[in-house]
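Have a look at the structure below before the remarks.
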Amino acid sequence: MPQTTIYVSPRSLGAPDTRPPAVETDDLARLFAGVPALAGVSLRIDGGRTVALLGPNGAGKTTLLRLVATAIKPSYGRARVDGLDVVRDVEAVRERVAYLSHATGLYDDLTARENLRFAATMLGTPDAHERVERALADVGLGERANDRVGGFSAGMRKRLALGRILLGAPSLVLLDEPYAALDAEGMGVVDALLAAWHGAGVAVVVAAHATDRLEPFLDGRVMLERGLVMAVEGEGVAASPPAPPASQPAPAAKPAPAAQPAHAEVRR
Amino acid sequence: MSAVRRDARIAVAIARKDALAELRGRQAIVSTLFFSAVVLLLFGFSLGPDAARLAAAAPGLLWLAIVFSGVLAVGRLHLLETDDDALDQLARYPVSRRAIYAGKALAGFGVMLVIGLLVLAAVGILFAVDVLAAAPALLVTIVLGAIGVAAVGTFYAGVTVRLRAREVMLPLLMLPVLAPLLLGAVKATVAALAGDPFGELGAWLQLIVAFDLVMLVAGAATYGYLLED
Chain A
1 MPQTTIYVSP RSLGAPDTRP PAVETDDLAR LFAGVPALAG VSLRIDGGRT
51 VALLGPNGAG KTTLLRLVAT AIKPSYGRAR VDGLDVVRDV EAVRERVAYL
101 SHATGLYDDL TARENLRFAA TMLGTPDAHE RVERALADVG LGERANDRVG
151 GFSAGMRKRL ALGRILLGAP SLVLLDEPYA ALDAEGMGVV DALLAAWHGA
201 GVAVVVAAHA TDRLEPFLDG RVMLERGLVM AVEGEGVAAS PPAPPASQPA
251 PAAKPAPAAQ PAHAEVRR
Chain B
1 MSAVRRDARI AVAIARKDAL AELRGRQAIV STLFFSAVVL LLFGFSLGPD
51 AARLAAAAPG LLWLAIVFSG VLAVGRLHLL ETDDDALDQL ARYPVSRRAI
101 YAGKALAGFG VMLVIGLLVL AAVGILFAVD VLAAAPALLV TIVLGAIGVA
151 AVGTFYAGVT VRLRAREVML PLLMLPVLAP LLLGAVKATV AALAGDPFGE
201 LGAWLQLIVA FDLVMLVAGA ATYGYLLED
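The listed protein sequences derive, respectively, from chains A and B. Note that our numbering numbers the first sequence so that position 74 is 74, with each residue one more than the last. Note that our numbering numbers the second sequence so that position 186 is 186, with each residue one more than the last.
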């Protein structure tokens, strides 16, 4: 497989200590039908860092990613990307964030190439033709470029969705269980991309159940459970105990207090 | 690139994407045309074999068939966005919400124009109406009507696309709003087929233009809220 080319926004090139945090949340919470999926998370992830969000099912990993990706809005609290508020500055945040969710958001009736060309237009990608071909090659789908996505396996769809991320120049990449449904070749694609983003100074936040495969790329880890930060570890990531809501309404059913303080180390 | 040019480029890309998917799936046009044919035939049977009666009813039947078909067609175009949560991805692109509305409405207009012209031809054949004699005026009416149906349909399809009961809710919401368009289009078609003896065609077309403009502006201004959480 050819070496992956990562296009980097000038925002990602400054010295890490001169940039605002890639992600900063302040008592961030999201309720679904009155039940908190995220119950007040105060977290800082520095630019250029690769951080794993860990925790069991229902811990709030996906909800946190979706809030930062502007796919959903907070019930209360704030989140900022590169210092920009995810609610007030939503379009500017969307220019900076790439998000791989469980759903790939691809069109079944379009070919792999057409899906990426459409994405390139939507992202305003310069040299779109060349970048699309390169992205297809980078994710190992060059030979299937003219096949309709409706016939793709889950793993191929995920690789194509990863290729879509390569069409932008994000300063923050959010990946929700990127290895799920992938074969060995697909996992290799994810590894190559993580290494490339890490080398290019792009911040990456990965929701995962285990870090075995991620370990070589990780700067830090955040452990979530029942919508709260239980522990953080590593460089470029910090959390503080959730602040009590001031003027905002409290969640309907806040989970029980964490068993560990927010600054405790993850034990592996 | 200016914001308007970028929005136009985005809108054309969305419309092209929908057109490609429709050309390959042919679900909107084929099912809609079949539905239109059934509507026309059933109304024809209910009115009986009287040729004069059928010809008199033809403008109303034409537009009922177009409007009913429009409900199906624009709903189908939004269903494309439910493929693997594509609507969520579409909403997260850093593009103006107006451009997304314009793209979906443009695709809807294209489908409605094809449907309108084919239904017009079917009405001419089934009800023995000389549509060719009034072709220019009818064409203008169909184009303006297609814009109106697409403008309203795109907005309400956006309202209902995430609902479980979207197939029920879309016509319930859309059809009452289309009533002024239906009135104007039927009256314009009657005038066009009669050779416009009272000079009222222009006034009815103006009503449709006003309806289209109001609906396009309202849709573009509010559609973005439908895409957000």
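Idealized CB from N, CA, C, for every residue including glycine.
Residue from the options with nearest C-alpha to residue i
i         : options                                    : result
Phe190(B) : Val114(B), Trp63(B), Thr82(B), Gly153(B)   : In the sequence on display, residue 190(B) carries Val and not Phe. For Val190(B), the nearest C-alpha among the options comes from Trp63(B).
Leu20(B)  : Val111(B), Leu41(B), Ala3(B), Arg9(B)      : Val111(B)
Ala102(B) : Gly224(B), Gln89(B), Leu175(B)             : Gly224(B)
Ala195(A) : Glu177(A), Ala137(A), Glu215(A)            : Glu215(A)
Val139(A) : Leu84(A), Ala180(A), Asp127(A), Gly188(A)  : Gly188(A)
Val214(B) : Thr32(B), Gly48(B), Leu178(B)              : Leu178(B)
Leu207(B) : Ala192(B), Thr141(B), Arg53(B), Val95(B)   : Thr141(B)
Leu105(B) : Asp88(B), Gly184(B), Gly70(B)              : First, the amino acid is wrong: residue 105(B) is Ala here, not Leu. For the residues Asp88(B), Gly184(B), Gly70(B), the minimum Cα distance to Ala105(B) belongs to Gly70(B).
Val152(B) : Val119(B), Phe109(B), Asp88(B), Ala57(B)   : Phe109(B)
Asp85(B)  : Ala71(A), Arg94(A), Leu193(A)              : Ala71(A)
Leu182(B) : Glu200(B), Leu205(B), Ala194(B)            : Leu205(B)
Gln89(B)  : Thr111(A), Leu64(A), Leu123(A), Ala59(A)   : Leu123(A)
Ala73(B)  : Leu226(B), Val149(B), Val186(B)            : Val149(B)
Gly151(A) : Val232(A), Tyr107(A), Glu95(A)             : Tyr107(A)
Arg164(A) : Arg88(A), Leu141(A), Ala200(A)             : Leu141(A)
Val67(B)  : Glu81(B), Val4(B), Leu144(B)               : Leu144(B)
Val217(B) : Thr154(B), Gly202(B), Leu138(B)            : Thr154(B)
Gly25(B)  : Val38(B), Leu79(B), Ala3(B), Ile14(B)      : Leu79(B)
Phe127(B) : Phe198(B), Pro197(B), Ala58(B)             : Ala58(B)
Val23(A)  : Phe32(A), Gly48(A), Thr4(A)                : Gly48(A)
Leu160(A) : Val237(A), Pro170(A), Ala169(A), Leu182(A) : Leu182(A)
Arg117(A) : Ser2(B), Pro176(B), Arg9(B), Leu41(B)      : Arg9(B)
Arg98(B)  : Leu226(B), Glu228(B), Lys17(B), Ala220(B)  : Ala220(B)
Val30(B)  : Leu77(B), Ala55(B), Ala56(B), Pro49(B)     : Leu77(B)
Val202(A) : Asp176(A), Asn115(A), Ala192(A), Leu172(A) : Leu172(A)
Same chain, Cβ closer than 6 Å to residue i, five either side skipped, listed in chain order
i         : result
Thr50(A)  : His198, Val204, Phe217, Leu218, Asp219
Arg79(A)  : In the sequence as displayed, the identity of residue 79(A) is Ala instead of Arg. Cβ within range, chain order: Thr25, Leu28, Leu67, Val68, Val86.
Asp109(A) : none
Glu225(A) : Gly55, Ala59
Pro20(A)  : Asp82, Gly83
Arg105(A) : With the sequence shown as reference, residue 105(A) is identified as Gly, and Arg is not the correct amino acid for it. Here the set comprises nothing.
Ala146(B) : Phe109, Met112, Leu113, Gly116
Val90(A)  : Thr70
Contacts around residue i, its chain only, beta-carbon distance under 8 Å, and the 5 residues preceding and following it disregarded
i         : result
Thr211(A) : Ala52, Leu54, Leu218, Arg221, Arg268
Glu81(B)  : Leu87, Leu90, Val161
Gly227(A) : Ala29, Pro36, Ala37, Leu38, Ala39, Gly40, Val41, Ala59, Gly60, Thr63, Pro255
Arg16(B)  : none
Leu61(B)  : Val39, Leu40, Phe43, Gly44, Val123, Phe127
Residue interval of the beta strand (DSSP E) (run including residue i)
i         : result
Glu215(A) : Unbroken run through Glu215(A): none, as it is neither H nor E.
Val132(A) : Looking at the DSSP string, Val132(A) is not in any beta strand (DSSP E); the run it does join, the alpha helix (DSSP H), is 128-138.
Ala238(A) : 237-240
Asp212(B) : Not the beta strand (DSSP E): Asp212(B) falls in the alpha helix (DSSP H), residues 201-227.
Thr25(A)  : 23-32
Sequence-distant residues of the same chain with beta carbon closer than 7 Å to residue i, five excluded per side
i         : result
Pro245(A) : Only weak support is given to the placement of Pro245(A): the predicted model assigns it a pLDDT of 39, under 50, and the question is left unresolved by the model.
Ala69(A)  : Val97, Tyr99, Leu174
Leu33(B)  : Ile115, Leu118
Val93(A)  : Thr70, Val81, Leu84, Val86
Lys73(A)  : Val87
Leu138(B) : Leu120, Val131, Thr189, Ala192
Asp147(A) : Thr111, Ala112
Terminal residues of the alpha helix (DSSP H) in which residue i lies
i         : result
Ser69(B)  : 51-79
Arg44(A)  : Here Arg44(A) belongs to no alpha helix (DSSP H); instead the beta strand (DSSP E) covers 35-45.
Asp18(B)  : 3-25
Phe155(B) : 135-160
Ala194(B) : Per DSSP, Ala194(B) belongs to no alpha helix (DSSP H) and is neither H nor E.
Val177(B) : 166-177
Gly234(A) : No alpha helix (DSSP H) contains Gly234(A), which is instead part of the beta strand (DSSP E) from 228-234.
Arg19(A)  : Arg19(A) -> no alpha helix (DSSP H), and no H or E assigned at all.
Tyr101(B) : 97-126
Asp109(A) : Segment: none, Asp109(A) is in no alpha helix (DSSP H) and carries neither H nor E.
Short CB-CB distance (under 7 Å) between residue i and chain C
i         : result
Ala220(B) : You won't find chain C in this structure, because its protein chains are A and B.
Can you list, in chain order, the residues of the stretch 15-39 of chain B whose Cβ is nearer than 7 Å to any Cβ on chain A? Lys17, Leu20, Ala21, Arg24, Gly25
Residues of the stretch 51-80 of chain B in Cβ contact with chain A at a cutoff of 7 Å, in chain order, please. Leu80
Cβ-based contacts, 7 Å cut-off: residues of the stretch 86-108 of chain A near chain B: Glu91, Arg94, Glu95, Tyr99, Ala103, Thr104, Gly105, Leu106, Tyr107, Asp108
Along the chain, which unbroken stretches of the beta strand (DSSP E) at least 3 residues long are found entirely within the stretch 143-225 of chain A? 172-176, 203-208, 220-225
Which ranges does the beta strand (DSSP E) cover as unbroken runs of at least 3 residues, wholly within the stretch 53-105 of chain A, from first to last along the chain? 76-81, 97-100
Please list the residues of the stretch 92-112 of chain B that have a C-beta atom closer than 7 Å to any C-beta atom in chain A, keeping them in chain order. Arg92, Tyr93, Pro94, Val95
What residues in the stretch 52-83 of chain A have a beta carbon less than 8 Å from any beta carbon of chain B? Ala69, Thr70, Ala71, Ile72, Lys73
Please list the residues of the stretch 155-185 of chain B that have a C-beta atom closer than 7 Å to any C-beta atom in chain A, keeping them in chain order. Of all residues in the stretch 155-185 of chain B, none has a Cβ within less than 7 Å of some Cβ in chain A.
Using a beta-carbon distance cut-off of less than 8 Å, what residues from the stretch 129-144 of chain A approach chain B? So the list is empty, because no residue satisfies the distance condition.
Residues, ordered as in the chain, of the stretch 192-223 of chain B that lie near chain A by beta-carbon distance below 7 Å: none
Using a beta-carbon distance cut-off of less than 7 Å, what residues from the stretch 144-156 of chain A approach chain B? none
Along the stretch 23-52 of chain A, where does the CB come closer than 8 Å to a CB of chain B? Name the residues. none
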